[in-house]
Amino acid sequence: MLGKYEVLTGALKEAAAAARSAGEAAEVLDAADVLCEGIARALPGSKSADCADDLAEFWRNFVKSWGAAVSDYSEKLVDSADCYEQQEEEVQRSFLRLEWGTDE
Numbered sequence: 046m047l048g049k050y051e052v053l054t055g056a057l058k059e060a061a062a063a064a065r066s067a068g069e070a071a072e073v074l075d076a077a078d079v080l081c082e083g084i085a086r087a088l089p090g091s092k093s094a095d096c097a098d099d100l101a102e103f104w105r106n107f108v109k110s111w112g113a114a115v116s117d118y119s120e121k122l123v124d125s126a127d128c129y130e131q132q133e134e135e136v137q138r139s140f141l142r143l144e145w146g147t148d149e
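Numbering-wise, the sequence shown is residues 46 to 149 according to our numbering.
Right, here's the structure in full:
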């Protein structure tokens, strides 16, 4: 026996909007410069201070990549919700055709 499931498309779209918002916020946030300056100021002349620029660049690239991945994920959530809604509408039309005996 198959189990019953229900897709809450509104919840999928809300999750997509939240993910998109998080990705957009991450892309404009440049904590890398603050990180780099803070390390260099706190540990002048240390190996950590020398590595701060490399760490900042890594951080920038990582956050940019993460933002793009979250944006892609958001789009896929919306696409999934739309697909479920379209399938549900088609099933409803099929039942109406059966009920009224039409072959539209």
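Heads up, the beta-carbon is just placed ideally off N, CA and C, and yes, glycines get one too.
Cβ atoms of residue j and residue i: under 8 angstroms apart, would you say?
i	j	result
Ala70	Ala101	no
Is it right to say residue i is buried, meaning 16 or more other beta carbons lie within 10 angstroms of its own, or is it exposed?
i	result
Gly112	buried
Gly83	exposed
Ser110	exposed
Ala97	buried
Ser119	buried
Gly68	buried
Ala64	buried
Could you compute how far the alpha carbon of residue i sits from the alpha carbon of residue j?
i	j	result
Ala62	Ser91	43 angstroms
Ser125	Val79	38 angstroms
Leu141	Phe103	57 angstroms
Asp99	Ala56	40 angstroms
Leu143	Gln132	17 angstroms
Val52	Lys121	15 angstroms
Phe107	Gly48	40 angstroms
Cys81	Ala94	8 angstroms
Leu88	Tyr50	56 angstroms
What are the start and end residues of the alpha helix (DSSP H) that includes residue i?
i	result
Asp124	Lys92 to Trp145
Gly83	Ala76 to Ala87
Lys58	Thr54 to Val73
Contact check, residue i vs residue j under 8 angstroms by CB: the rounded distance?
i	j	result
Lys58	Val123	6 angstroms
Ala54	Glu135	Checking the sequence, you will find Thr at residue 54 rather than Ala. Thr54 to Glu135, Cβ: 14 angstroms. No contact.
Arg105	Asp75	7 angstroms
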